[in-house]
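Chain order of the listed sequences is A and B.
So the first sequence is numbered by the numbering used here: it starts at 203 and just counts up by one.
So the second sequence is numbered by the numbering used here: it starts at -18 and just counts up by one.
The next block holds one structure in the form of structure tokens; read it before the comments.
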Amino acid sequence: MTARSQAYASLRICYFNGILPLGRSPLLIAAVFLTPFSFLFFLFVIAPHDLFPYGVTGGVLFTALFTGSGMLNDCAYLRLERQLQQVFVASPVRPLAYILGMALSELAFTIPAAVLFLALLLVVTPISAAGFAGLLGVFLLTWLMATTLGFFVSTMFSQLREIWPVGTLIFSTLAILPPIFYPATVIPADWQWVAFLAPSTYSSQLADHCAGLGGQIVTPIPFLNTYYFDVVMLIAVTIIFGAAALYLARWREP
Amino acid sequence: MAVLEARGLSKTYVARGRTTRALDRVDLDIAQGQLFAFLGRNGAGKTTFIKIASTLLLPTAGEVRLFGRDVVRDPTGVRPLMALVPQEGKLFYHLTPREHIREYLRVRGVSAETTAARTAEILDAMGLVPYENTIALRLSGGLQQRTLVAMVLATEAPFLFLDEPTLGMDPFARRQVWAVIRRTVRRGSTVLLTTHYLDEAEQLSDELAVIEGGHVLFKGPSESLKSTVGREVRLQFSGGFTPEELAPYGKVFRDRERLTLLTSRSAASELTDRALGRGTQVSVGPVTLEEAFLELVGRGIEEDDAE
């Protein structure tokens, strides 16, 4: 199969694993929307209202990070419970085409919720065209980072029961604990650097910046306080997770 | 010409400090256009062999070549030549049989026209037309399995791995699947199938192999396997005899109250007369593949125990 055929295979996987089920079970859209909306609602009720836009950018990013959790669970389910990944391994479909197809199908599930949060963001804060484009770029990089991590982890286990707690642990650490729904500046200054341990912090800092919101982590090292650092780190982490998905994931069992 | 060649193939699983040898220096050739059946008890090594040959699993030692290509070193080269029905595979619950077949062919790079023609043909041949637009979630287990097999057979890949393809199907559905498998072979595919249905192996296969404890105990046509038993006739007694009484005449199997004896024609004649004299019901027939398999594998187990 040529590179074009592999790209087409990815789109077909996205169609039958993402778009078709979405059309048949629209409730899936509500399921993706509900968790970040609940966080946002909670924030709206208990936090000062000037933090609300941070919660909305958090909602946008949460949907992108949610694709990673979906990828982890779906890929593990298809491999361990349905034995369907094996049907694709023993075929001309390359790992990259399968991973991309699965990642696109996860994106299909989350796009409606992401669009709602983006629309809400435009209502609560003015965003320039360049800022909006930047926000979309951050969203896509976060989606790539999360889905490649999800795929890599999904291949490391032989029991579904082992996957569920690991998935919850990883994606809670990525999407709930770090400053996604709140600015990093609410963390005590001495401890703000800890947020850098979660790669989603770089996404969040960039998303807030693109949306015209402040709240940058401040450290004694000047370069770490720039958005260039966040861009470099987000791209680097995405490349590392992508390489892990392509070269370290168990497409073939050892 | 052999299209699948396995040489010295071994696989050892190590899990939590426990070592299990699933395959032990297996040599096997499967010729082009053959329908080859792999028989063995649960855990004998059949699925491990299929997983290695279909590039799902790495061997511990040895090699497998498919169409001359090493499946370990050149998986990308061999994968376009194969398709697999995995053991206990299940469908995408939200897709219909028609969508499964169509999407799998399109993902594999089959053109839209060929896909449409093959999808229609296989849905019809597998008796799936009445269910073609029903999502898998609402299909019975047998229909789901038929869809999975249809999806893979429709590829008409040069080499097809079918790991227990008729599991859970009723006898009518099994025969429908057999007919499509035979047709696929006539069109040029080579098939390696595993099954626990001995009648299926006998009906379908040109050649078969029996594997036990990771070793190939037998390879050849089913008639040859039956002749290896060394007995020509099967007698079945409903009471009237004890296993000890029959043991000197041949191999005895016990199934609840019924005793089966594999023996020679002369002994069969003598024992039939005695059974009639005792008023015991006795039936006579040729040795079946299942009996030959039980005898061979039983012998294999005894040899392993002796080692």
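Using N, Cα and C, we set each Cβ at its ideal position, and we do this for glycine too.
In this text, all values refer to a predicted model and were calculated from it rather than measured experimentally.
Simplified DSSP assignment, three categories, for residue i
i, result
"Ile11 of chain B", "strand"
"Gly257 of chain A", "helix"
"Tyr85 of chain B", "helix"
"Met347 of chain A", "helix"
"His196 of chain B", "strand"
"Asp55 of chain B", "coil"
"Leu244 of chain B", "It is worth fixing the name first, because residue 244 of chain B is Thr in this sequence and not Leu. Here Thr244 of chain B sits in strand by DSSP."
"Leu263 of chain A", "helix"
"Arg226 of chain A", "helix"
"Gln125 of chain B", "helix"
"Lys(-8) of chain B", "strand"
"Gln407 of chain A", "helix"
"Val291 of chain A", "helix"
"Thr171 of chain B", "strand"
"Pro385 of chain A", "coil"
"Gln157 of chain B", "helix"
"Ile208 of chain A", "For the record, residue 208 of chain A in the displayed sequence is Gln; it is not Ile. DSSP places Gln208 of chain A in helix when its eight states are reduced to three."
"Ala445 of chain A", "helix"
"Ala18 of chain B", "strand"
"Thr253 of chain B", "helix"
"Met289 of chain B", "As shown, chain B starts at -18 and ends at 288. That puts residue 289 of chain B outside it, with no answer to give."
"Gly220 of chain B", "coil"
C-beta atoms of residue i and residue j nearer than 9 angstroms
i, j, result
"Thr344 of chain A", "Ser271 of chain A", "no"
"Val428 of chain A", "Met347 of chain A", "Reading the sequence as shown, one finds Thr at residue 428 of chain A and not Val. Not in contact: Thr428 of chain A and Met347 of chain A (Cβ atoms no closer than 9 angstroms)."
"Gln262 of chain B", "Gly221 of chain B", "yes"
"Gln361 of chain A", "Leu282 of chain A", "yes"
"Ala292 of chain A", "Gln208 of chain A", "no"
"Glu44 of chain B", "Leu9 of chain B", "no"
"Ile116 of chain B", "Leu109 of chain B", "no"
"Ile423 of chain A", "Thr387 of chain A", "no"
"Leu224 of chain A", "Ile215 of chain A", "no"
"Gly486 of chain A", "Pro385 of chain A", "Within the shown structure, residues of chain A are numbered from 203 to 456, placing residue 486 of chain A beyond reach of any answer."
"Ala273 of chain B", "Lys207 of chain B", "yes"
"Met150 of chain B", "Thr128 of chain B", "no"
"Gly414 of chain A", "Ile329 of chain A", "yes"
"Leu120 of chain B", "Leu72 of chain B", "yes"
"Ala403 of chain A", "Leu323 of chain A", "Note that residue 403 of chain A is Thr in the sequence shown here, rather than Ala. No, the pair does not count as a contact, with Cβ atoms beyond the cut-off."
"Gln15 of chain B", "Glu188 of chain B", "yes"
"Glu145 of chain B", "Thr176 of chain B", "yes"
9 angstroms Cβ cutoff, residue i in contact with chain B
i, result
"Pro228 of chain A", "no"
"Asn219 of chain A", "yes"
"Ile419 of chain A", "no"
"Ile441 of chain A", "no"
"Arg284 of chain A", "yes"
"Met273 of chain A", "no"
"Val234 of chain A", "no"
"Arg363 of chain A", "no"
"Tyr210 of chain A", "yes"
"Val340 of chain A", "no"
"Val295 of chain A", "yes"
Below-9 angstroms beta-carbon distance, residue i vs any chain A residue
i, result
"Lys232 of chain B", "no"
"Leu65 of chain B", "yes"
"His177 of chain B", "no"
"Lys207 of chain B", "no"
"Lys32 of chain B", "yes"
"Leu72 of chain B", "yes"
"Leu76 of chain B", "yes"
"Arg87 of chain B", "yes"
"Glu271 of chain B", "no"
"Ile116 of chain B", "yes"
Partner residues on chain B for residue i, Cβ-Cβ distance less than 8 angstroms
i, result
"Ala292 of chain A", "Ser35, Thr36, Leu37, Arg60, Met63, Ala64, Leu65 and Phe142"
"Ser207 of chain A", "Gly90"
"Val304 of chain A", "Going by the sequence as given, residue 304 of chain A is Met instead of Val. Within 8 angstroms Cβ-Cβ: nothing; Met304 of chain A doesn't reach chain B, min ~12 angstroms."
"Val317 of chain A", "The premise fails here: Val317 of chain A is roughly 23 angstroms from chain B at the closest Cβ pair, so nothing lies under 8 angstroms."
Cross-chain neighbours of residue i in chain A, by beta carbon under 7 angstroms
i, result
"Glu113 of chain B", "Neighbours of Glu113 of chain B on chain A: none; closest Cβ ~15 angstroms, over 7 angstroms."
"Glu84 of chain B", "Arg214 and Phe218"
Assumed close pair residue i, residue j - CB separation to whole angstroms, cut-off 8 angstroms
i, j, result
"Phe319 of chain A", "Gly261 of chain A", "4 angstroms"
"Ala447 of chain A", "Leu263 of chain A", "Incorrect: roughly 20 angstroms between the Cβ atoms, too far for contact."
"Val66 of chain B", "Phe153 of chain B", "Not a contact, Cβ separation roughly 19 angstroms."
Under 8 angstroms by beta carbon: chain A residues contacting residue i
i, result
"Pro56 of chain B", "Arg454"
"Glu80 of chain B", "Phe218 and Leu222"
Under 9 angstroms from the C-beta of residue i: neighbouring residues of chain B
i, result
"Gln394 of chain A", "Residues of chain B passing the Cβ test: none, with the nearest at roughly 42 angstroms."
"Gln288 of chain A", "Lys32, Ser35, Leu37, Leu65, Pro67 and Gly70"
"Met203 of chain A", "Pro61, Arg89 and Gly90"
Within chain A, the residues that residue i reaches when beta carbons sit closer than 9 angstroms
i, result
"Leu69 of chain B", "The question names Leu, but residue 69 of chain B in the sequence shown is Glu. In chain order: Gln285."
"Glu44 of chain B", "Under the 9 angstroms cutoff, chain A gives no residues; its nearest Cβ is about 15 angstroms from Glu44 of chain B."
Members of the stretch 119 to 139 of chain B near chain E, C-beta cut-off 9 angstroms: In the structure shown, chain E does not exist; the protein chains are A and B.
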